[in-house]
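Residue numbers -24 to -1, 1 to 1108, in mature numbering (1 follows the signal peptide of the UniProt record, and there is no 0), belong to the letters of the sequence shown in order. All C-beta atoms in this analysis are idealised placements derived from N, C-alpha and C, irrespective of residue type, glycine included. Here the structure is a predicted model, which means the values were calculated and not measured. Worksheet: the structure to be examined is printed underneath.
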Amino acid sequence: MWHLSKARLLAIAAVFVSTATVSAFADTNDVQLTGDTDNSNVGVMMYGGLGGEMSLASPLLASMMMGAPDRPDNCPPCFNCLLDAFPCSHFSPCNSFDGRCTCPPGFAGDNCSVPVCGALSDGKDRPRRDEDQKCQCKDGWSGINCNVCTSDHVCDSLVPSGKNGTCYDGGLTVFENFQQCDVTNRKILDTLGPDQPPAITFSCNQQNKTCDFQFWVDQVESFYCHLDECNFGQDVQYDKTLTTYKCPKIKCSCIPDRMLCGKDGSVNIDDFLEEEIAGPAEFVCSSKDNKCTFEEPAMNDLIMTMFGDPAIYLNCHSGECLHYTQVPGFTRPPRPDYTIAIILSVGGVFAFLIGLGLAVWYLARKNNGSGDGYIALPDDEAAKLMAEHIPATLMFRQLGYVVGGKEVLKDVSGMVRPGQVMAIMGASGAGKTSLLDILARRNKTGSIQGHIYVNGRTVSNQEFKRVVGYVDQEDTLMPTLTVYETILYSALLRLPRDMSYDAKRFRVMETMSELGILGIKDMRIGASGQRSISGGEKRRVSIACELVTSPSILFLDEPTSGLDSYNAYNVVECLVTLARNYNRTVICTIHQPRSNIFTQFDQLVLLAKGQLIYSGETSLLNAHFRSLGHSCPEGYNMADYMLDLTMYTGKANGRNGQRNQSNSGLEGYSHRHTGARQPGHEDEDLFGTPATAVSGATSPALGSEGLPQFARATSMADDTHQWESELASQGRPGIRGSGTENTTIGIDPPSGSQDAEGGTRLTAEEEAIAKAHLLSLVEGFKHCAILAEVEQGIDTAVEAAQTPNGNGNTNGNNNNNNSNSNNNGRITPLSSSSQQAASQQPVLSEKAVATYRRASWWSQFKILADRTLKNIYRDPMLMFTHFVMSIFLGLLCGAVFYKVTNDIPGFQNRMGVFFFMCALFGFSCLSILPSFAHERIMFVRERANGYYSPFTYFVTKVMFDIVPLRVIPPMLMGLIIYNMVGLVEGWTEFGKFFLVLVLFNFTASGICLMIGIMFEEVGVANLMSSLIMLFSMLFGGLLLNKESIPINLSWLQKLSFFNFAFEALLVNEITFLQLIQKEYGLEIDVPGAVILSTFGFNSGAYWADVRNLGIMAATFFGVAFLWLQFRVNERR
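Here is the structure:
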C-alpha cells in the first residue's frame, strides 16, 4: 500500500476532476482531442488550466510526476503551450482546453511553426512542407504557404452557396485577406544575394482587427510580427485606389538560428525586434501598380541605417475568396472635368473648317498664271516647234470590219494628203465612226481587214499614236478648269519631257491663237446647265487639247454635233485653216453639213450601209453622180442630196395600186425656191425615174429606162427579182434595220404596214428596190475612174516608200483647190518631181523612234495632283459636305453620349457610338461612286490619247481625292467625340482609336472604289456597295452575337471589315476598364475583359484586327487598280 500525503491526494483528485471537466467541455463544445493525448497529460494540462502555477521545475509537479508511470529517459516531455517552456509561434493563441496552439492559416505543428502547402480550401488536411523544400500549390493558388487565390473557381468551396465564388484582389480586407509580397529594396536584395530572395506574407482579419506579418529569406521564415487594433481604409482616386492598414500596436519575434536571427554569418536582430519594435505600423498598397510600403518608426530607422531606404518596399498580390455579392464596392469620385478639352477640340475643329474655307476661297480666285506676258524661247527650241512636224499622207485600201457576224464596213478605200480635210459622211448607221476609229487605230472589238499606210509605210500602233490626235464626238473636259489650264495640262502631259516649260506654254498660246480661243483662255469650261463657254468654244478647246501636241494627223468624230450652224461653221473653218496653214492632215466624220461647210472639205468618203459610195475629191462628187444619172437639183444642198440618195427606199404603192402622187421633199425644196418645177423634172422623181403609174404586181418600180446610167451601161437586168437574187447570193443584209436607217430624208414615207415597234415596214417590193438602188451606187463607184486613180495613188506611194531612202508622202502643193486634178476633175498621179520631193522628207517611223519621251511618272503624278486639287477646291461642295457632316454628327453624338458612365449601360453606349461611327463612315464612302463615274469617260479617252498611265492616275486619285475625304472627316469627328463622350484616357489609346477609324475608312473606300471601277452603271455600283456594307454590318458583332453564329457560317465574320474595326475599337476602350455592376445593394467591379468575352470579343485581338483591316484595304485597292489597268480601257 502506497502512503500518500494530502498534497498528493489533492493533486490526483484534481487530475480526475479535470479529466471529467474536460470531457464535459468536449461534449458541450464539440472539442476533439487528438488520439495521442493520454489522461495524465490532460490532467496535468487542466490542472494548470484550473489556476495552478505548476511547471516541470516545481517541486509539486515533480513529486506528482514521481507517482506517474515511469517513462524512458530519452522520451521528451509532451508539448503543452500552457507551460512557459512551450510557447506558440506567430503569437498564436493557446487552447486552454488541450494545451495546443491554434495555428493561423498556412501553418501547422504543435507550436505552429511548420508551413503547409496545398490550398487554403483544403482546411486541416493541408500537407506540411518538408524542411528544405518548397511548396507546390494547387491550381488557382499561390504564395509561400499557398494562401493567396488567383482565380475565381477555386473559391466556390469557401463560400456558403458553393458557387459564384470570386477571388477578390482589391487589397481591402473584407473578412480575412492574404497577401504575398516580394521585397524590392535594392540594398536588401544586394545584401542577401540573388539566391536568397526576401519575401513577406501578410494576412489581416477584419473582425479581430489584427494582422500578421512574416519575413522570409529563400522561403525560410526568419521573424514574424503581430499587429493589433488595426484600422483598414481606402483612398479612392480616379485612376487608382490606395489601401491602408494602420495598426498602433506591434510586436515581433525572431526564430532562433535563422537568417537575421542568429544564423551563422548573419546579423541577429532578436533583441531589436523584441525591445524596439512597438508601433505604430502602417501598410499602404496602390492598386495601379501593386506597389506597397511597410513602415514602423524603429524599423524605418533600422532600414535607413543599414540599407539607406526609409521603409520596406514591397510588390504585393492579394487574394481573398468571397461570394461575388460580397465584393466591396465604393462610390467613385466624379470623373475629371473635360470641359476645357472639349472647348479646345471643338474650337480647333471649327477653326480648321474656317481656315480651310478661306483657303479654298482664296485659291479659287487666285490667278494661277494664265499665260499672260511675254514668253522668251531660245532660238533652237522655238524653231523645233514646227521643224519637228512631219507631214503625213494617210492611205487605206479595202478596209472591212465585222462585229458579231455583221459586216459593218466592206471594201472601203481612200487617201488624204497633208493640208487637206477629209470628211466621212453617211446616214446614221452607215459606219462613219467605225471607219474613223479604224483609221485612228482605236481599240475595236470586231475583226478588221484591209491595209492602212502612212506615207506609204505601215507603222506600229505605238508609233502611230504618238503623232495623231483624236477628238471624240462628246466633249469630256473638266468643268472647273479654265480653257488655258485644260490645254496646258494636255501639253505638259504629252509633249516631250526634254521640252522646257516655257516652250510648252508657248505652244499652248500658239494653239489657242490658231483656233481663235485666245480671248476666252481665262474662262472656266463650266458644267452643263451653268454659264460657261459656248458649245462651239468647247469643241475648239477639245481640238486644241489634241492640236497642242502638234499631231501630223488629226481625227475628229462629229466635230459639229450639237452646235448651231454658226458655231459649226466656225469649227470647220478652224480645221480647214489648221490643215492648210500648218500642213496638217485632218479627217472627220460629219452627219449633215450645211452647204457652206460642205464646200470646205477637200476629200470625201461617202458610206451607205457600210459600203463605199464615193471616195475622192469633193469637187468631183457632182460629176460622178451625174454620170450615174443622179443629178443634184439646182439650188439644193449637195450634202443633203447625197444623204437622201443613199437613204432612198422608193415610193410606196397605195391600196388601189396607184402611185402616191405627193411631192418629194426635194421637189418641194425646188418649188419653194423657184416657184415652179424645173424644166425636165416634171415627170421624174428624185432619182430621175419617170413618175408614171406602176402596176403593183407586174412592173418593177424602176423601168429599164429609169435605171441609173451605170446599170444600163453594164447591161444588168432591170427585173426586181433579179436584183434580189443577186443581193442574196452575195450575202448582203436587207435594208430593214433600226433607227434612222429606214427613214427616207426628204421623201414621203411609204404607206405600208406598221411593224411591232410602230415604225414603217417596207414591203418586199420596196425592199428590193432599195437594195437594187444601193447596189447600183456601190457598183457604179467601183467601176469609175476616181476609185482607180485613188488606188493607183496608193500603189505609187507604197512603191516609192519601199525604195531606198524612199517616202510615201504624196503631199502636193496645197492651195484652195488642194488637189492634183486636171480640168476634167480627174485625179492625176503625182509627177516624178513631186515624188522625188516627197521622198526626200523624213519618214514618220523614223521620227517616232527618235528620243521622244513624254512626261515621267513623277511628272504625271505632280500634274494630275495639281489638276485634282484645283478640281476639289474650285468645286468644294462634296468636300465641305463631308466635313460639315462629320462636325455636326460629332457634336450630336457627343451630346447624346455625353460623359458615358463606367457601368453596363455605359458599355452599351460605347458599343452604340462606335457602331454608329463605323456605319456613318462606311456609307459615306458611297460618295466615291459618282465621283469616279463622272471621270470614267474622261479617263478612258485621256488614257487612249496617251495622257498618262493608269498607275499615276490611280495613285493621284487615292492620295488627293480619297485621302482628304476619308481621313480628315473621321479625325474631325473623333476629336469632338473623344472628349465629349469621355472615352478612355491616354495618348496611346487616343492614337489607336484614330488608327482604327482611318484604316476602316480606307477599307470602305477601297471597296467602293473597286466596285465603282468594276461597274459602269452608278445605280448598280450603289446597290452592290450598299449590300456589302449591310452584310459587313450584320457580322460586325453588335447585331449578331459572335458565339451564336452557326459553326458552318462563322467564317463569314472573317469577311466583315465592320467586325475587325468594331472589335478593335471596343478592345482599345474596354479591356483595362473596370465596369460597375450593381447587385444586392453592392457596386461590384467587373473587369472590362469579362464583358468583352461575354459578347464574343477577344480582348487581345486589337493588333490582329488592325492587321486584318490593313490587309483588306490593300487587297481592295490592289484589285481596283488591276481592274482599272486591264479592264477600264477604250473598247469601240
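Spatially closest choice to residue i from the options, by CA coordinates
i, options, result
"glycine 381", "Ser262, Asp74, Ile424 and Ser510", "Ile424"
"glutamine 213", "Cys237, Asp233, Ser263 and Glu197", "Ser263"
"serine 900", "Cys180, Ser1002 and Leu375", "Ser1002"
"glycine 754", "His293, Lys386, Arg105 and Asn1035", "Per the sequence shown, the amino acid found at residue 754 is valine instead of glycine. Answer by Cα proximity: Lys386."
"threonine 292", "Gln155, Ala274, Leu375 and Lys846", "According to the sequence displayed, residue 292 carries cysteine and not threonine. Nearest C-alpha to cysteine 292: Gln155."
"serine 97", "Lys110, Ser118 and Ser89", "Ser118"
"methionine 371", "Asp771, Val960 and Val379", "Asp771"
"arginine 886", "Leu1068, Arg843 and Phe757", "Leu1068"
"glutamate 593", "Glu439, Arg393 and Gly492", "Arg393"
"glutamate 486", "Leu554, Cys88 and Asn998", "Leu554"
"leucine 412", "Gly390, Gly395, Gly432 and Leu1028", "Gly390"
"tryptophan 337", "Ser925, Gly870, Ile848 and Tyr542", "Ile848"
"asparagine 71", "Ala773, Leu58 and Ser65", "Leu58"
"glycine 888", "Ile496, Ile509, Arg473 and Leu1015", "Leu1015"
"isoleucine 245", "Pro224, Ser198 and Phe208", "Ser198"
"threonine 932", "Gly962, Leu845, Leu902 and Met855", "Leu845"
Beta-bridge partners of residue i, as assigned by DSSP
i, result
"asparagine 207", "Lys222"
"glutamine 425", "Gly376"
"arginine 433", "Val430"
"tyrosine 144", "Glu296"
"arginine 234", "Cys237 and Gly238"
"methionine 398", "Ile563 and Gln579"
"leucine 290", "Val159 and Cys268"
"aspartate 533", "Thr565"
"residue 1114", "The requested residue 1114 does not occur in the structure, where the chain is confined to residues -24 to 1108."
"glutamate 258", "Lys222 and Glu271"
Beta-carbon gap between residue i and residue j smaller than 9 angstroms
i, j, result
"arginine 850", "leucine 468", "no"
"leucine 1085", "leucine 1006", "no"
"asparagine 161", "tyrosine 289", "yes"
"isoleucine 589", "alanine 544", "no"
"phenylalanine 969", "serine 1008", "no"
"asparagine 934", "leucine 985", "Rather than asparagine, the amino acid found at residue 934 in this sequence is valine. Yes. Within cutoff."
"phenylalanine 326", "isoleucine 863", "yes"
"phenylalanine 283", "lysine 163", "yes"
Cut-off 6 angstroms between Cβ atoms - residues of its own chain near residue i, not counting five sequence neighbours on either side
i, result
"methionine 990", "Trp1099"
"cysteine 113", "Cys122"
"glycine 407", "Val384, Leu385, Leu583 and Gly586"
"aspartate 194", "Gln172"
"methionine 914", "Thr452"
"glutamine 210", "Leu148, Thr217 and Thr219"
"phenylalanine 208", "Thr149 and Tyr221"
Sequence-distant residues of the same chain with beta carbon closer than 8 angstroms to residue i, five excluded per side
i, result
"glutamate 1106", "Arg418, Asn419, Val916, Arg917, Arg919 and Ala920"
"alanine 689", "At alanine 689 the pLDDT is 35, less than 50, meaning the model places this residue with poor confidence; the figure from the coordinates comes in the next sentence. Cβ within range, chain order: n/a, list empty."
"alanine 503", "Pro455"
"isoleucine 253", "Cys201, Ile226, Lys227, Cys228, Glu272, Ala274 and Met275"
"valine 314", "A small correction: the amino acid at residue 314 is tyrosine; valine does not occupy that position in the sequence shown. Once the five neighbours on either side are set aside, the close Cβ partners of tyrosine 314 are Lys875, Asn955, Met956 and Gly958."
"arginine 470", "Val524, Thr525, Arg830, Ala831, Asn921, Gly922 and Tyr923"
"residue 1109", "Since the first residue of the chain shown is -24 and the last is 1108, residue 1109 is not available in this structure."
"valine 90", "Phe83, Ala84, Arg104 and Arg105"
"asparagine 598", "Ser607, Cys608 and Met614"
Close Cβ partners of residue i (< 7 angstroms) along its chain, the five nearest in sequence each way excluded
i, result
"cysteine 521", "Thr462, Ile463 and Ser466"
"valine 92", "Gly82, Phe83, Ala84, Arg102, Pro103, Arg104, Arg105 and Asn121"
"cysteine 157", "Ala175, Ile176, Phe178, Cys268, Leu290, Asn291 and Cys292"
"asparagine 266", "Asn291, Cys292 and His293"
"alanine 895", "Met1009"
Residue i at chain D interface by Cβ criterion, 9 angstroms
i, result
"glutamine 156", "Chain labels in this structure do not include chain D; a single protein chain is all it has."
Does the stretch 463 to 480 touch the stretch 871 to 888, meaning 3 or more C-beta pairs lie closer than 8 angstroms? They do not touch, by the three-pair rule.
Please determine if the stretch 520 to 537 and the stretch 440 to 459 are in contact, where contact requires at least 3 C-beta pairs separated by less than 8 angstroms. A contact is defined here as three or more CB-CB pairs under 8 angstroms, and the stretch 520 to 537 meets this definition with respect to the stretch 440 to 459.
Any chance the stretch 939 to 955 sits against the stretch 1045 to 1055, with 3 or more Cβ pairs inside 8 angstroms? The stretch 939 to 955, when compared against the stretch 1045 to 1055, does not touch it at the 8 angstroms Cβ threshold.
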